[in-house]
Amino acid sequence: MKKISVVICLVFIASQCFCQLGLSGGYKTFYPDGWNIMGADLQAGAPYPLAGWQVGADYWFRLKKRRIEFAPEISFSRFKNEFERGKLEHSVFGFHFNTAVYVFDLSSDCNCPTFSKDGNFFSKGFFIEVSPGAILARNKLEALNSSDSLIKFSESEIVFGGSLGAGIDFGFSDLFTVTPLFRFHFYPNLVWNEGFKDPGLKSDLTQVFLGIRCRLHFKEFAKARFR
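Residue numbering for the sequence shown follows the working numbering, starting at 33 and increasing by one per position.
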């Protein structure tokens with residue numbers, strides 16, 4: 033019932049606001065610290081942290097009288113490491129409810145894009161972001177063990193967590209906004225049962241994301257069409 037209530041609440045909020053499409057992409061890390069024990073077993077050193085990429089899409093809406101903005105986002109990221117005796121792959125699907133607070137312009141009714149309005153670009157464009165969410169991580173390993181036998185492990189795990197971050201909007205026109213983003217992700221107790229000598233070993237997953245989001249303002253497109 034709690035999950036259903038949350039969904040109904042979010043749908044109600046979204047129905048009161050006009051949505052805009054955002055697309056994002058960038059560099060991301062994958063670091064489950066405790067999993068490096070597996071690298072020692074396979075003569076792969078310490079394979080983590082891994083570097084990879086992420087793409088995502090979101091819908092934007094906001095409160096009417098406060099500059100608190102929401103952008104539920106779905107994302108996909110991939111990480112890969114090949115070593116002498118095998119390879120590791122991690123594919124991650126995510127859903128996060130991004131909430132941006134424009135701390136220096138909180139009481140403003142400024143609508144996007146921020147740079148079509150008067151005022152200091154930093155105070156109107158800078159925000160802090162909190163993003164609770166969940167990920168589905170698919171972990172794969174193919175490698176030769178100490179007896180030169182090929183081993184293959186593949187397992188999926190759902191884990192809840194989220195991120196803290198910051199960004200700043202750059203509005204190049206009334207139709208288009210670009211936002212550099214920084215996010216630090218944390219997901220406690222990620223498990224990969226098959227990947228270790230010790231079944232059920234848990235490790236906290238930390239990730240850093242550096243990327244760019246591009247947002248198209250469809251409402252402004254409509255205005256431009258009828259001018």
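Glycine included, each C-beta is placed from N, C-alpha and C at the ideal position. Here the structure is a predicted model, which means the values were calculated and not measured.
* In this structure, does DSSP put G243 in helix, strand or coil? -> strand
* Asked: Do you know offhand how far R215's Cα is from D65's?
  -> 19 Å
* Per the contact definition of three or more C-beta pairs closer than 8 Å, is the stretch 160-180 in contact with the stretch 118-125? -> yes
* Can you tell me which of the three DSSP states D236 falls into? => D236: strand per DSSP, three-state reduction.
* Are L237 and L222 touching if we call contact CB-CB under 8 Å? -> For the 8 Å CB-CB criterion, L237 and L222 form a contact.
* Rounded separation between F228 and L53 - CA only -> With a pLDDT of only 48 at F228, under 50, the local geometry of the prediction cannot be trusted, and the value read off the model is given with reservation. Taken atom to atom, the span from the alpha-carbon of F228 to that of L53 is near 41 Å.
* Let me know the secondary structure DSSP gives G66 once reduced to three states. => helix
* To which residues of the same chain is S56 closer than 6 Å at the C-beta, ignoring the five residues directly before and after it? -> G88, G243, R245
* Asked: What did DSSP end up calling G77 once you bin it into helix, strand or coil?
  -> The answer is coil: DSSP assigns G77 none of H, G, I, E or B.
* Asked: With a Cβ-Cβ cutoff of 8 Å, do I200 and F136 count as a contact?
  -> no
* Buried or exposed by the 16-neighbour rule on C-beta atoms within 10 Å, applied to D90 -> buried
* Unbroken alpha helix (DSSP H) runs of length 4 or more, entirely within the stretch 149-201: which are they? -> 153-157
* Consult DSSP for E116 and reduce its assignment to one of helix, strand or coil. => coil
* Taking E161 and N171 to be in contact with their CB atoms under 8 Å, please state how far apart those CB atoms are, rounded to whole angstroms. => Incorrect: roughly 27 Å between the Cβ atoms, too far for contact.
* First and last residue of the beta strand (DSSP E) that includes L95? -> Premise fails: L95 is in no beta strand (DSSP E) and is neither H nor E.
* To do: Determine the burial state of K60: buried for a count of at least 16 other Cβ atoms within 10 Å of its Cβ, exposed for fewer.
  => Its Cβ being crowded by 16 or more others within 10 Å, K60 is buried.
* Residue environment, S181, which counts as buried when at least 16 other CB atoms sit within 10 Å -> exposed
* Does any residue of chain B bring its CB to less than 8 Å from the CB of L237? -> Here there is only one protein chain, and chain B is not present.
* Secondary structure at H122, three-state DSSP: helix, strand or coil? -> In the structure shown, H122 sits in a strand (DSSP, three-state: E or B).
* Look at the alpha carbon of Y63 and the alpha carbon of Y219, and state the distance between them as a whole number of angstroms. => 10 Å
* May I ask you to report which of helix, strand or coil DSSP gives F228? => Because the pLDDT of F228 is 48, which lies under 50, any placement of that residue in the model is unreliable, and the number read from its coordinates should be weighed accordingly. Coil, per DSSP.
* For R135, the first and last residue of its enclosing beta strand (DSSP E) -> The identity of residue 135 in the sequence shown is Val, whereas the question assumes Arg. Counting along the chain, V135 falls outside any beta strand (DSSP E), and DSSP gives it neither H nor E.
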